[in-house]
Each structure stands twice: as structure tokens, then as C-alpha cells.
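As C-alpha cells, the structure follows; a few thoughts come after it.
There are 2 protein chains.
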Amino acid sequence: MVQYKSPKREYEFILREVLDFEEQIKGYEGFEEATWETIEMIADQFSTLSEEVWLSSNRDGDVIGAKFENGNVSLPPSMKRAAEAAINSGLTSLFGHQKYGGMEFPTPISVFSDEVSCSSNMSLGIYMGLTKGAYHCINNHGSEDLKETYLPEFLAGRWFGTMCLTEAHCGTDLGLIRTKAEPDGDDKYVINGEKIFISAGEHDLAENIIHLVLARLPNAPKGVKGISLFLVPKFLVNDDKSLGERNGVKCMSIEEKMGVHGSATCVLNFENATGYLIGEPHKGLSAMFSMMNHERISVGLQGLGISEISYQNGLAYAKDRLQGRDLKGPKNPDEEADPLIVHPDVRRMLLRSKALIDAGRMLSCWTALAIDKSDKDPDEKIRRENNDLVELMTPIIKSLLTDFGVEISYDMLQIHGGHGYIKEFGMEQFSRDVRIAPIWEGANGIQALDLAGRKMPKNMGRLLRRFFHPVLAFIDKNKEDSNMKEFIIPFEKALKGLQKTTLFMAQKGSSNPYEIGAGATDYLKQFGIVSMGYMWLLMLEVAFSKKDEDDYYQHKIITGRFFFERILPETLFRAISISSGSKTIMSMPDEGFNSVSKFSGTL
Amino acid sequence: MVQYKSPKREYEFILREVLDFEEQIKGYEGFEEATWETIEMIADQFSTLSEEVWLSSNRDGDVIGAKFENGNVSLPPSMKRAAEAAINSGLTSLFGHQKYGGMEFPTPISVFSDEVSCSSNMSLGIYMGLTKGAYHCINNHGSEDLKETYLPEFLAGRWFGTMCLTEAHCGTDLGLIRTKAEPDGDDKYVINGEKIFISAGEHDLAENIIHLVLARLPNAPKGVKGISLFLVPKFLVNDDKSLGERNGVKCMSIEEKMGVHGSATCVLNFENATGYLIGEPHKGLSAMFSMMNHERISVGLQGLGISEISYQNGLAYAKDRLQGRDLKGPKNPDEEADPLIVHPDVRRMLLRSKALIDAGRMLSCWTALAIDKSDKDPDEKIRRENNDLVELMTPIIKSLLTDFGVEISYDMLQIHGGHGYIKEFGMEQFSRDVRIAPIWEGANGIQALDLAGRKMPKNMGRLLRRFFHPVLAFIDKNKEDSNMKEFIIPFEKALKGLQKTTLFMAQKGSSNPYEIGAGATDYLKQFGIVSMGYMWLLMLEVAFSKKDEDDYYQHKIITGRFFFERILPETLFRAISISSGSKTIMSMPDEGFNSVSKFSGTL
């Protein structure tokens, strides 16, 4: 019953009209073929794939899910067909380098394909996303030999990847890892240990599965500085690249989860498995985290993808379902009721969702463009500045878009009333699926600490300037513009609030780290909403310049206006909350948190 | 793995120390036996029942759930045993009148039993809650004959009740109901039609099921003024109260839902079923809604119950799980990591939950006491004033506590990281179960309209005065108090904000109902949080007066302080949002909401 159309025009608006993206990447090596014409062609192809093939397997993924038997994991036939169709369409080679058989398309196009994939089948998107992550990691840190052996297979969609970090006793705190690696002559190592929560750890979508495994070498330093990274294939690879014998890695069980049932979450046992070192000994964590920006933005896009499909279905229901009357009298006098969309509170939920989705998409594309600039611009200064911006925006995109994904799927379910709670309507699956996104790849609380505790103070606030400088320049340029004034006035106030909070956190936090911890989540929300405000300013500037050409731009202006009237003011609340500091939070003794379960006479 | 202890001391604090509840109900007819000693005894009994029996059947309810076969619904054996144990403990007779065999305990004690029931097994609590609703409805509107036949059986736990409102084409908009009732001599009617989403519509927990059914008599006026209410038993009842033949009501199927799998949600087909009129013809809706205050508060308590058990488990995990280090250096140097609770952001989530739970519980008890006063006080003016207050607070309790239930179960799952997403840990069940509460018994958007569109303007704001007058008196009395000043200053500001918003809504709304609709949800949030602030003032006054007696009161003060520093300021944001009015929301044409799915060249 779920419906979905990929929001192609929205990407066209952002990439071409707002970001002037073709001009921005002009001359970048490897992007020669990424003309808008090609992009439209590819986007059409992926859209059809998502709308027609991926979406129709999404419910099977939920209802049948991944099945475990005797160490093997099988997926529903419709998901297997959808994966094959994706490989045939080139989805798995979109992002890769040409020398390994990739299309090497600009990162904003990956934003599009990630969003669309996760809208239509988030579980399936996870397999693809992890493979992309493994690709980047090996490409950045692996030997030439490893690259040549593995990367082309990833792009061809024959082999998939995983990231094996978590163990039963450690998730966030990877310093506690116990999995062991011992040298075994030449370039080989023997890996022993158990990993949990390994997404895509075992399945029948690919011929081989390539695990990237964090482990400790003998006599490694304690903590995070003693962790190394290894490539451990499910099947060993012969010199001629044919598959050899089964390696010592086995799936022991899969988890029963709240959602993403089509994504197998495995307990993996490594027993004398053969592994290959990626990068230098003891530097595994930084190798793994070097691709974390990509990965975290991808998780943000899981939130965006679920937001968009939830929104489309909430909107469709609001237009179709006849219930109640317009507060000013019947809109639909021939029917026994008016559609839900006549109700201001329903429109409020829809507009809020739309305003957040548009801004989240714009923020992702803007940051994705900065990724490409940081990677490909000939000017070292531009590369560094853009890298700073990416570092700064990554935790924001990850947290903000996943939190809003949860909220939007909630609101769109709510529009459905009781029908939203019934499996048949598909809305509740979105709420369950998206719930993992605020948790994995660094829980959102960790993202907030990353922003407030690391990115903010880094190099005396250098990263911050990459955001504040262009924003202030934009304000200066446009503040007298008769169209933009309406938005710039509240925005400037919100921006000043953010600057004030930043100063407060920086000053207090330098002497008391609890201040950083206590304010971090509110700070990320405040910063995130202000960034979305800037995204809206960029979009509105274009929309006003074309508003007489097409109603499309008028609708953008209304959506943007909603943002400034009803979403941006939350930053004020966040600022007040932060200003209360850490004192109260830290003053509660641990036992003081308890709900007391005995009457006072019997204590 | 889930743990739970009923928060008895928290009720003692609220009922005895803050509300002085024994004094307040002194002399009320029927409450003679409700001494604190008896209450403690009963509360101990229900607590043991919940902690030991109900909780252990909660997972079966989720995993096995209600099973449908050939028109019958069966529940897991452990749930059946838990229901029997509840009946034996007197849970089903707690609220009922003595003349029908009830204990006739004051309503705040029902708040306790509702909370504890829904913490330990929300699905099972639903069966009990519906029976309570049916009891009140028949008691208020049924003939003596119906009362004497049915009410004692409800209280004895032999027969259970349902409310049959929804049909496939109408949920919120009950004016559209099509089920028919035709007179059939004497006091009987023949009922024909189909109802959907009927909780507890069929099951094997009770000997008989008594359906309260909304239907239309021949030639009934159109819309809500033509709906009558009928009692339709599953088994007809003989004159000697033994069960007679099966009535013409049949369960056709049950829904697959996101959660509360142990609560059977039925499609019921009425085919020439025998029914008995409750109340007057065409006045069924007001009869059904006369018990809506009770029902809606009970749904709020579903939110509160899930909040509390989620909180207890989030807290336990935060204390047990070793992960990462205190930002100021190891707290637990002998272990390889510190417990999660050292982290300010984890403490923030816990304190926020606790501050909301304490205030929500207090708000429920305060309103429950007003229910008893409105019902039993000899002074008509006091009865009316308290009834006004109950009318005003009902939509707030329903919405606020269910929304916060969703949020708190979310945050407590989040503390668990990946483990929260795994079924085994039980946290994700809370999130799924509580998700129905913002929907049923009037979706939260409808509650907001009830508050802003009906309760607020009613009798020139008479209901509002029942809240504002005591609050202003409290401020006057305590504003110079050296302990209370810290809280009264921000509270007074928030209260003024609420008064201003109220005036804004009343003025704008009188000429343009869209203004009410557009602001309603924000207004309910603003009003709700201000009410919670008042609840905290009442609790803090007591806590300060006893702060040297026991650490318990010190912990209350810290929790209260968190509320004023970090929760109350949200009202500011809500006020700004409301002040933007309905113009932008209503200016978007319906087609402007669409995500555009074609490139501009191909539009």
C-alpha cells in the first residue's frame, strides 16, 4: 500500500539552481563524464529501480526478514532480486574510482542514491552502504595489492563488505576490544575473537563477504592506541582472484531486532581466521575512522530517506482520507466529510516535515560538495577549508537527520491514526526501521560530544569559521534585500544566539569538561537548526529570483517561511537550556536517581 | 531481563505529603474504608502482583501475542494466569461502587493501579481499563436493570467490557457511523454492522464480553446527533444471570500491529445481534463521552507507566554498563571503564525523564483528586469547580503523558545503545507498545483542539480560571520565600507567556478558527509544561520543608531544579511558534506539498 516516487526535481533544484554544482566541480579530475545529462539518466534509472523493484521487496524484508540456519543467512527472494537489479543498474559502481571499474560520480549524486535507496528499502541499502564504506577504507589505507584484489569486486557487486568493530562488552568504547591478531609469516595474520552486531556479516546476496576487523596485535598498547585493522574475507582469494577455501569466520546467530529485519545483524566468530593488515599496526582505529565522515553522512541519509517516504505517504493519506470538516465549513460538500489536509494541525505536521526534509537534503548536498572539493580541488587551501567544513557538519548531519527521521516517521504515522499502527499500512515499519539510525555509527549523544568537545575547540575554532564566515557574508550581502529581510532578521538573531552559546561552551568547557557534556546535545540541536536556517536562506534566494517562473518556487517560499516562523525559534530554547550548565546534572548522587519502591514506614 | 519495582514511595509523597489527600477526601461518602493503612496494604498487593506476575507475562504477550482462529481469540497461558491473579487480588473491583461489590477506592488509587499495571503489562492493562470504562458508562447512563445485571460481574472480573466506536470509514469523525439498530419489541434492539479496531473485542480471559456499541436507530438525524448507544453481550444473559445463547456478534479477524500484541484488536461483525439501549435514543455519543475524562486520563497513564518502567531500566543499564571514562578522569580505576551514568549527557536524559515522570504523576493524582471532589463533595460549587478543572486537564494529561511516554521510552532505549534495538533486552517493546497511546481515545491533535477550541473558550474562560487562580495565589504566597524564589521567577515568566498566548488564541480564534487549529498543538504543549511547572512548585514546597529529614527530599529538589532550568524554557519556543498564526500554514495550496518527482525538462 506504500507509495513512493523519487524526489528528482528537489535534487535538481538544490544541485543545479542553488549550488550551481556543475560549475563548482568543473575541471575536477575523474568527474569529466558527470554532466547533468548523464546524471539525469542515472538518476532516472535508480529512481525506477527504487520505485519498482526495491520498494516492492521492502515488506518481505520486514515480514520474512533474514533467516539463520546452520551458520548461513538467507534473504527473501524478492530482496535478492532487488540486489541483483541494483548491481545490474550500476548502483554499486557509482561512487568508485574509474581505475577499479567505477563511474566515479560526484558525492552529491551518492547523496541522491543513498536517500532513494533508504526510502525504498533501508535494509537493502545497508548492505550497499557498508560495501561502500569498506571500499573507501581499503582505498585509503590498504596496500596496492589489497586494492587491486578487492576493490573491483566491490564495484562489480560480486563481493560485499562489513565493518567489525563491536564486541559484547564494548560498543562506543572501542579501547576495550579483545579480538586478537597474531602474525603468521609474510603479510598474513591469524585472527581470533568474537564480534557482535555485525550488519551484513553473513548473507546470500554476494559470492564473498569481506570483513574489516578491529583487533589487537601481541603486545599492543592498551586502549585505542593498540588497535589494528585487518581484512578478513569469508572465502580466501586465490592469486587468480577465484575463490579459495572457507576462512575461519563463522556466523553464530543473528539478532532479533525492532526493525531493519532484512538486514542480518550477526554474531561472528573468528577462529584462526586469516587476515591481512590494513594500514599500519596499532593505527586501525584512525584508518577505520578515516571513512567515518562518509559513513556517518550515509546514516544521516537513512534518516532522510525514511523521512521522505514517510512524508509522501502521510501526505497521500491526508489528501485521500475523508474525516471531519474544515473548521470554516465543508470544503467537500458533496462528500460526507472533507480530506484530512483541510485541518491546520495536519498541515502543520506536513509543512514541518517538508521544511525539515528540504533543509536536511540541502545540508547533505552542500556538505557532499565540500567532500569533493576537499578531495579534488587543485588549491590546497580550498581542500583544507572544505575538509574542515565536512568535519564540522558530519556529526550534525548524522544526528539531526536521524532524529528528525524518527520524528517525521512518527508524525506521518500519527496522521494515519489507528491505521498507522497496523502493519498492513506500512507506516509503522518506517518508525521501527529508522530507530536504529540514531544509535549506530556513533550514538547521537556521541556525535554531540564530537561536535562540542572536539570539532568546536579544534585549532582555536578554525572549523567553526568555515561555517560562520560564509554565513555572515551572506547576511551582509542580503540583509537589505526586500524579499530576504523577512528571513534574515530572525536568522541573525538565532545566529547570534549560537555564537553566544559557542563562546559560553568554549569558555566554561575549557576549565570544566562536564560543561561540554551537559550542553552537547542541546548545542548540536541549536547548531543544526541554525545550519538548516542557512540552507533555507540559500534556497530562498534562488526561489525569489524565479518566483514568477513556476509555482514550484512559490511553494518553496511558503515552506521556507514555515521554517523561520516555527522551527528556527527552537534554537532559543536550546540556548537557555545550555546556559544552565552542568551543575544541577552533576549534583545528583547516583542513588538519587532511583524511583523509591517502599513506603517510608517500611524503608 | 527487564526489571521493575512499583514506585510506592513516590505515590506516598504525592498523595500524603503534597496533596494531603486523606484530609481532602475526609467525609466523602463511600471512602470510609480508604485509610492510608488500607491503601498501603492494597498497594503492596498490586505491586507484588505487577512485579512478579504481570511483568513475567509481558514478553509472552509481545512474542506470542493474541492468536485468532475460527472466530476465537486466545491469549498466552502466562497472560491468562496474570489476569486470574489480578482478579483474585481485587484489582478489578478497586474502583467500583460498594453496592455492586466494589471497594470504592478514591480515584488517585486508580492512578496508582493504572500506572503499575501499564508498566508491567500494558496489553493486559488495556483489558482491565476497557472494563472500567464500560462500568462507568453503564453506571452513569444504564437502566437499573442493566446496572444490576452487568456491573457486579465486571467487578468480580468474570465479564469484561469493550467500546465499539470505530468503523472502517470513520475513526475521529463518529458522525459518519453506519451500524444500524432496529427496535425489536420491549427493550430490545437488533444490531447490524461492522466495527473495526475493537480492543479486547474477543479473547479467552473472561466468561462473557460486554460490548458498548454506537449505532443509528431508524430515521435517526444525520451526524453525531443521531447516534445511540447499545449494550451487546457476547453471550445473552438469562434472567438468573447464567449465560444463555451466543449473540450475533462475531470476531472476523484481528489486526497485526506495531505493538501491544497481547491486546487483541478485532474486526467485529454484528449480525442481527440483540442489544439494549443505554441512555436515551440519539444521545449515545454524549453517554459514551461522559466517561471519556476517565478513559483519556487512563491512556495518559499508559504513557506514564511505560515511562516509569523504561526509566527504571535505562537507569539500571546506565549504572551497570561500563563504557568510556568520566570526562574528568576514571571514576572506577580498578575496572577497564566507568559506568555510563558518569556521562553528563546520560545523566541529562535520566533527569529529564525523572522530572517529567514526577510531574506527570503529580498532575494525574492532582486531577484524580479533583475527580473525586467533583463527584463527592457536598458543596455544589466545589463539585462544579473541580469538574471544570478535570475538563481542562484531561486533554493535557492524555496528550502530554503519552507524548512524553514515547520520548522517554526513546531516550531510555538510546542509553542502551545497540542493545536497546535488540528484542531480548525488552526496551524496544516499550517503544512499540506506547506508540498507540498518542493515537487512541482521540489522537493527540484532537486533544489539542479540544483544549484550545472547546475548553479554553468555554463559559468565557471559566475552566481556565480553575487553573490560573490557584496558581496565581500560590505565586503570591511564595514569591518572597528564599527557597522558592529560584523557581518562581522563571515560572512566573512562563505563566505570563501562557496567559499572553491564551489571549492571543482567544482573540484571533474568535474570528478565524484556523488560528485555533494552527496553534492548538503548541498551545497544549505550552499549557502542559506550565502545569507541570506548577506541580513541581507544589512538590518543591514540601521538599524544602523536609529537606533535612531525608535525602529523598534533596533528590526531589535537584530533579525539580532540572525541570525549571531545562524543561520549562520550551514554553518560550511554543509561544513564539503560536504567535506566527495560521497564515503560512493555510497559504500552501494542496498540490504545493508534493515532492516533485520529475526533472524540470520532463515535467
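Line by line, the protein sequences are chains A and B. Under my numbering, the residue at position 436 of the first sequence is numbered 436, and the numbers go up by one with no gaps. In my numbering, each residue carries its 1-based index in the second sequence increased by 1000. Glycine included, C-beta positions come from ideal geometry on N, C-alpha and C. This one's a predicted model, so the numbers in the text were calculated from it and none came from an experiment.
A Cβ of chain B is located within less than 7 Å of the beta carbon of histidine 555 of chain A. The beta carbons of glycine 1405 of chain B and leucine 1304 of chain B sit about 7 Å from each other, so the pair counts as a contact at 8 Å. Burial of arginine 1435 of chain B is indicated by the presence of at least 16 other C-beta atoms within 10 angstroms of its C-beta. The alpha-carbon of glycine 1248 of chain B is positioned some 30 Å away from that of glycine 420 of chain A.
Within 9 Å of the CB of tyrosine 1189 of chain B, no CB atom of chain A is found; the nearest one sits about 24 Å away. For serine 253 of chain A, the pairing in a beta bridge is given by DSSP as A:Val267. A contact is defined here as three or more CB-CB pairs under 8 Å, and the segment 1542-1551 of chain B fails this definition with respect to the segment 535-542 of chain A. For glycine 1519 of chain B, the enclosing alpha helix (DSSP H) has its first and last residue at 1513-1545. Distances from the alpha-carbon of histidine 261 of chain A to those of B:Phe1467, B:Glu1084, B:Glu1040 and B:Lys1423 put B:Lys1423 closest. Scanning chain A for C-beta atoms nearer than 7 Å to the C-beta of phenylalanine 1599 of chain B yields Lys8, Arg9, Glu12 and Glu40, reported in chain order. With a threshold of 7 Å between beta carbons, glycine 1417 of chain B makes contact with chain A. Straight-line measurement puts the Cα of aspartate 20 of chain A at about 28 Å from the Cα of leucine 451 of chain A.
When rounded, the separation of the alpha-carbon atoms in serine 1431 of chain B and isoleucine 278 of chain A is 40 Å. For tryptophan 1159 of chain B, the beta-bridge partners assigned by DSSP are B:Asn1208. A distance below 7 Å separates the beta carbons of leucine 1315 of chain B and leucine 1350 of chain B. Chain B has no Cβ within less than 7 Å of the Cβ of tyrosine 100 of chain A. 7 Å or more divides the Cβ of valine 1053 of chain B from the Cβ of histidine 1203 of chain B. Under the DSSP assignment, isoleucine 1014 of chain B falls outside any alpha helix (DSSP H); it carries neither an H nor an E label.
Neighbourhood of threonine 1521 of chain B in chain A, by CB distance below 9 Å: Asp345, Arg348 and Met349, in chain order. Under the Cβ distance rule, leucine 1315 of chain B counts among the residues neighbouring chain A, one pair being separated by less than 7 Å. For the C-beta of phenylalanine 527 of chain A, not a single chain B residue is nearer than 7 Å; the gap to the nearest is close to 15 Å. Of all residues in the segment 222-238 of chain A, none places a beta-carbon less than 7 Å from a beta-carbon of chain B.
At a Cβ-Cβ threshold of 7 Å, alanine 1043 of chain B and lysine 1005 of chain B do not count as neighbours. The beta carbon of proline 1490 of chain B does not come within 7 Å of any beta carbon belonging to chain A, so the residue lies off that interface. A direct Cα-to-Cα measurement between isoleucine 14 of chain A and arginine 1465 of chain B gives close to 51 Å.
In the DSSP assignment, isoleucine 227 of chain A is bridged to A:Lys283.
Among the residues facing chain A, leucine 1540 of chain B is not included, as its CB has no counterpart in that chain under 7 Å away.
Interface annotation for the segment 1394-1410 of chain B against chain A: Val1406 and Tyr1410, criterion Cβ-Cβ distance under 9 Å.
Taking 7 Å as the threshold, the shortest C-beta distance from glutamine 1447 of chain B to chain A does not fall below it. Taking a Cβ-Cβ threshold of 7 Å, the residues of chain A close to glycine 1324 of chain B are Thr172 and Asp173, in chain order. Beta-bridge partners of phenylalanine 1235 of chain B (DSSP): B:Arg1246.
Put simply, the backbone Cα of tyrosine 311 of chain A is about 17 Å away from that of lysine 1598 of chain B. DSSP lists B:Cys1164 and B:Phe1230 as the bridge partner or partners of valine 1213 of chain B.
Sequence-distant partners of glycine 201 of chain A (beyond 5 residues in either direction) whose C-beta falls short of 7 Å from its own C-beta, in its chain, are Thr162, Cys251, Ala264, Cys266 and Leu268.
Glycine 1129 of chain B and isoleucine 1446 of chain B have their C-alpha atoms spaced approximately 21 Å apart.
Annotation: Cβ neighbours of serine 577 of chain A in chain B (cutoff 7 Å, chain order): Arg1566 and Pro1569.
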